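I have placed the structure first, in the form of structure tokens, so that the comments after it can refer back to it.
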């Protein structure tokens, strides 16, 4: 089955502790609903450093997940259910190309 990477960008940084706790629970519930499709479910990243031209125009990646889905359309539907979107974030969905 094809694998897709979900990269998480942006999001609110002014959340209350209650909102953080609620968001974390909704995230865990979403991951549970994905079941075995979540191959690498939770990969948060520390603050990145950018180099090169255009570095000031990049929205940092907060983390990523690797998800199995039958198609790009299904992967997009799965991403649409992510609670990170409710927290002002954006998700990039891309199929991982398997190199021989």
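In my numbering, the protein residues as written are 14 to 113. Think of the CB as a built atom: it goes at the ideal place given N, C-alpha and C, for glycine as much as any other residue. Predicted model, so just to flag it, every value in this text is computed and none were measured.
Are there 16 or more other CB atoms within 10 angstroms of the CB of residue i, so buried, or fewer, so exposed?
{"i": "residue 63", "result": "exposed"}
{"i": "residue 82", "result": "buried"}
Please say whether residue j and residue i have beta carbons closer to each other than 8 Å?
{"i": "residue 17", "j": "residue 104", "result": "no"}
{"i": "residue 86", "j": "residue 80", "result": "no"}
Hey, could you find the ends of the alpha helix (DSSP H) residue i is sitting in?
{"i": "residue 92", "result": "85–93"}
Might you give, ordered along the chain, the residues of its own chain that have their beta carbon closer than 7 Å to the beta carbon of residue i, omitting 5 neighbours on each side?
{"i": "residue 23", "result": "72, 101, 102 and 103"}
{"i": "residue 51", "result": "44, 78 and 80"}
Helix, strand or coil for residue i per DSSP?
{"i": "residue 29", "result": "coil"}
Apart from the five residues just before and just after residue i, which ones in its own chain have a Cβ nearer than 8 Å to its Cβ?
{"i": "residue 57", "result": "75 and 76"}
Which stretch, first to last residue, makes up the beta strand (DSSP E) that contains residue i?
{"i": "residue 51", "result": "51–57"}
{"i": "residue 79", "result": "74–81"}
{"i": "residue 19", "result": "16–23"}
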